[in-house]
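For the protein sequence lines, the chains are E and L, in the order given. Following the numbering used here, the numbering of the first sequence begins with 9 at its first residue and continues without gaps. Following the numbering used here, the numbering of the second sequence begins with 27 at its first residue and continues without gaps. We treat Cβ as the ideally placed atom computed from N, Cα and C, and that holds for glycine.
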Amino acid sequence: MNLLDTLLRCVGTLAVFLVLPLVVGQAEHKVMAHMQGRLGPMYAGGFHGWAQLVADGVKFAQKEDIVPAGADRRIFRLAPAVALLPYLLVLLVIPVGPNGLVGQAVDAGIFFVLAVMGIGVLGSLMAGWASANKFSLLGGLRTAAQLMSYELPMLLAAASVAMAAGTVSLPGVVDAFHWWWVPWQLIGGFVFFTAGLAELQRPPFDMPIADSEIIFGAYTEYTGLRFALFLLAEYAGIVVLCGLTTVLFLGGWHGPFSDSLGWLWTLVKTFALAFVVLWLRVTFPRLREDQLMRFAWTVLIPLALAQLALTGIVKVAIS
Amino acid sequence: MSTLLAAAGSLEPAARSYLSPTGQEIVFLLVGVLVLGAAVVSVTTRQLVHAALWLVVALGGLAVEFLLLTAEFVAWVQVLVYLGSVVVLVLFGLMLTRAPIGRSPDADSGNRPAALAVGAASAATLVTLVVDAFRSSWIDLSGPAGTTRLTGEFLFSHWVLPFEALSVLLLAALVGAIVLSRAKGDGTKPRPGNLRTVLTKTKER
C-alpha cells in the first residue's frame, strides 16, 4: 500500500510535469500575440490555433539530431537531461493542497529545492563546453556567472521566509502562513521572484542566450528533440519558480474554501505569477551583461539582507 | 552530548551479524563503491572537464550516502554547497582559462607519486580513526537523529563557538580575496560600458 501510494504520487507529479509547462508555453504564444497587437498562430487545430503546440512538438521530433563533429559527444548528449531533471525533482516536493497533497513531503524542503535547482546550471555549462563552439562557450560562461550571482539573493529571501515560519519544510511554511505575511515578506518575495527569473534566463535577464549577439548561448548547436528538452526545461522552470513563490510568499493553498479547493488556489496563484513572467518578457528590454551583474550585487542582495533584518525584528517583537 | 546519543541510539556493540545485510546496507556499499570509482577516475583522467564532472558524481554519491544514513539536512547542504557552487566554480574557472575538448597532454604532473602518497596516508589515517572510534557499534537509524531541527539545535547549542569561528575565518578569506584582487589597481577603475577607460587600461598592460 505504501509503495503504491509513493508510485501514484510520482506518476501524478510526472503528469503535472508533462502538462503544465506545455500550458505555459501555449499561454506564451497567445499572451505575447495579444500584447503585441497580433493574432499569433491561429489555424492549427481550428479553435484559436490550439494544436500549434502539438505541431511544434512533432516538428522537433522530426528534425535530425545533429552532434557537431568537434563536440564531446557523450557530454553533449547528456546535457539536456541534466538541465531538465532537477525541475522534475523540485516539482515532486512542492505542496499543492492541505492534508498531504504533495508529491513527497521532505523535511528540509526549502534546502532541497534550492540545492537541486542549483544543479540545473551544470546542464548549461556542459552544453556550452561540449558544443565546441565559441558562442556556446561564452553563453555557458555567462549562464554560470549569472546563476551564481543570483543564487545568493534567492537563498537569502528563502531564508527570510524560513525564519518567519520557524521551519524549512515547505508544507510547514504554508501551514504557518497568515495574510499579513504578504506585506511583511513583500521585499523578499520580489527578490526571490526576480532572482528566479534570472536563474531561468527569462527576459529581461536573457543575456546568456541573447539571440542578437551570441545566437542562442549554450544551446546554439542543439537541434531537434534535445533542443526541445532545453526549451521544456525553461517552461518547467517557470512552473517551478511560480509554484515556489506561491508556496513561500503567497500562502499556497490558503484562500476561501481552502479545505476543499486548496489545490485550485495553488494553481490559480501559480498561473497568475506565470502570466507576470510572460508579461515581463513582452514589457522590459534586455539588461546588458554588466547591468545584470550590478543589479544582483548592488540591488537584490542589499534588499534581501534588509528583508532578513526586518523579518528578524518583527519575529522578535511578536514572540 | 547525551541527547544526541539518545537520539542516535546506543553505541553498544550490538548482536548484529555482518553476513546478513539489509537492503539499505547493500545500497550504501554499492554507492560507496561508485563514489570511490568516480573519485579515482576524476584524478586519473586526462580530460580536464571530465575530471570536474566525475567530481560531480563522487560528491553527489556522498550526498546519497548521507541520505541513506538519514542525515537529510547534511545531504541537501552537500548538494547545495559542493555540487551547486564549488563544482560550478571549478568548471567556470576551467572554461575561463583552458578546457580543450579531448585529452590535455599537459594534464600530467611530476608530483603524481607524492600526491598518491599524501592521499593514501590521509585515507589510512581517517579509516583507522573511524574504525577505531566506532569498532563494532551499531547505530540505530530509525530515530530522528538527522532531522533539520535536531541538527540545528546541536549546531547552535553545543557547537556555537566553532561555528562562529568558522564564519570569521570565511569572512577573513573573503576580505583577503578582495584585497588581493584590488591590490594592483591604481584607483582609476574602468566604469562599466565606458570604452575609452577600458581601452587605455588595455594599452598600459
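- By the neighbour-count definition (other C-beta atoms within 10 Å, threshold 16), Asn137/L is an exposed residue.
- Assigned with DSSP and collapsed to three states, Gly105/E falls in strand.
- Contact of Phe68/E with chain L is not assigned, every C-beta pair being separated by 8 angstroms or more.
- When beta bridges are read from the DSSP output, Ser157/E appears opposite no residue.
- A straight line joining the alpha-carbon of Leu92/E with that of Leu28/E spans about 14 angstroms.
- Closest option to His262/E, judged by alpha-carbon separation, among Val169/E, Pro94/E, Leu96/E and Trp187/E: Trp187/E.
- Within the region 48-61 of chain L, no residue places its CB atom closer than 8 angstroms to a CB of chain E.
- Using a C-beta cut-off of 8 angstroms, the region 200-220 of chain E makes no contact with the region 42-50 of chain E, since fewer than three inter-stretch Cβ pairs fall below that distance.
- Annotation for Tyr95/E: the continuous alpha helix (DSSP H) segment containing it runs Arg81 to Leu99.
- Val114/E has its alpha-carbon roughly 19 angstroms from the corresponding atom of Phe257/E.
- Take the alpha-carbon of Ala199/L and the one of Glu190/L: they are about 14 angstroms apart.
- If you ignore the 5 residues before and after Gly117/E, its C-beta comes within less than 6 angstroms of the C-beta of Val101, Ser177 and Leu178, all in its own chain and listed in chain order.
- Each of Ala35/E, Asp80/E, Leu163/E and Gln315/E was checked against the Cα of Val285/E, and the nearest Cα belongs to Ala35/E.
- Per the coordinates, the alpha-carbon of Thr151/E lies some 42 angstroms from the alpha-carbon of Phe265/E.
- When Cβ pairs closer than 8 angstroms are counted between the two stretches, the region 124-136 of chain E is seen to touch the region 150-169 of chain E, the count reaching three or more.
- For Ala167/E, the CB contacts under 7 angstroms within the same chain, skipping 5 residues up- and downstream, are Leu316 in chain order.
- Residues of the region 289-309 of chain E with a C-beta less than 8 angstroms from any C-beta of chain L: Arg296, Asp298, Gln299 and Arg302, listed in chain order.
- Segment contact: the region 295-307 of chain E against the region 222-237 of chain E, fewer than three CB-CB distances shorter than 8 angstroms; contact not assigned.
- Within the region 119-179 of chain E, no complete beta strand (DSSP E) segment of 3 residues or longer occurs.
- Along the region 195-280 of chain E, the beta strand (DSSP E) does not occur as any fully enclosed run of 3 or more residues.
- The Cβ atoms of Leu239/E and Gly204/E lie no closer than 8 angstroms to each other.
- Identification of residues in the region 86-108 of chain L having a C-beta nearer than 7 angstroms to some C-beta of chain E yields Glu98, Phe99, Trp102, Val103, Val105 and Leu106, given in sequence order.
- Counting every other CB atom within 10 Å of its CB across the protein chains shown gives Phe182/L a total below 16, marking it as exposed.
- Identification of residues in the region 158-189 of chain E having a C-beta nearer than 9 angstroms to some C-beta of chain L yields Glu159, Leu163, Thr175, Val176 and Ser177, given in sequence order.
- Secondary structure note for His37/E: its alpha helix (DSSP H) is the uninterrupted segment Asn10 to Met43.
- Leu187/L: member of the alpha helix (DSSP H) spanning Val186 to Arg208, first to last residue.
- Assigned with DSSP and collapsed to three states, Phe292/E falls in coil, not helix or strand.
- Collapsing the DSSP output to three states places Phe68/E in a helix.
- For Val121/E, the number of other beta carbons within 10 angstroms of its own is at least 16, and it is reported as buried.
- In this chain, the alpha helix (DSSP H) harbouring Ser68/L covers Gly49 to Thr70.
- Contact annotation: in the region 112-132 of chain L, residues whose CB is within less than 8 angstroms of a CB in chain E are Val113, Val114, Leu115, Leu117, Phe118, Met121, Leu122, Ala125, Ile127 and Gly128.
- DSSP places Trp80/L in the helix class (H, G or I) of the three-state scheme.
- Straight-line measurement puts the Cα of Trp137/E at about 11 angstroms from the Cα of Leu122/L.
- Close partners of Ile127/E in chain L (Cβ separation under 8 angstroms): Val105, Leu109 and Gly110.
- C-alpha of Leu176/L to C-alpha of Leu81/L: approximately 30 angstroms in a straight line.
- Secondary structure note for Leu313/E: its alpha helix (DSSP H) is the uninterrupted segment Ile309 to Ile326.
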